[in-house]
Amino acid sequence: MSCLGNIIWIIFGGFFNALAWFVIGCLWSITIVGIPIGIQCFKMARLQFAPFGKEVVTTNDSSVNLFFNILWIIFGGIELCIANLISAFFLCITIVGIPFAMQSLKLAKLSLMPFGKEVV
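Just so you know, our numbering puts the end of the sequence shown at 231, numbered straight through with nothing missing.
1) Give the DSSP-derived three-state secondary structure of Lys165 in the structure shown.
2) Go ahead and label Ser174 buried or exposed: buried means 16 or more other beta carbons lie within 10 angstroms of its beta carbon, across all protein chains shown.
3) DSSP three-state call for Val231: helix, strand or coil?
4) Beta-carbon within less than 8 Å of Ile209's beta-carbon, same chain only, minus the 5 sequence neighbours each way: which residues are those?
5) Nearest-angstrom Cα distance between Ser215 and Val144?
6) Would Cys114 be called buried (16 or more neighbouring beta carbons within 10 Å of its own) or exposed?
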């Protein structure tokens, strides 16, 4: 089921969203200061490309990650999370869209606070 879900996800926009995250991550990684943000963008791209069968787990709850997560929320994380929540809401309208809504909720969770999280 996860393979079929990922194929449908890629066809209906997952590929372009993942490509956008990858390009943004490359742009952030040009500078040394932006490398941690670029790594988080690559993490988002990997999950955006094929979210079915993957899980977001917390690997590190340090104070440095908390600080970076607060900065991430201030400078765009809340907007990304709200966009994924709105997408999940509209996908839940139909029964067929519920599995895709669950993936949008997973993306919302990661887009709100990506530092210290890992996609497995």
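A virtual CB, placed ideally from N, CA and C, is assigned to each residue, including glycine.
With the structure as the only source:
1) coil
2) exposed
3) coil
4) Leu202, Cys203
5) 29 Å
6) exposed
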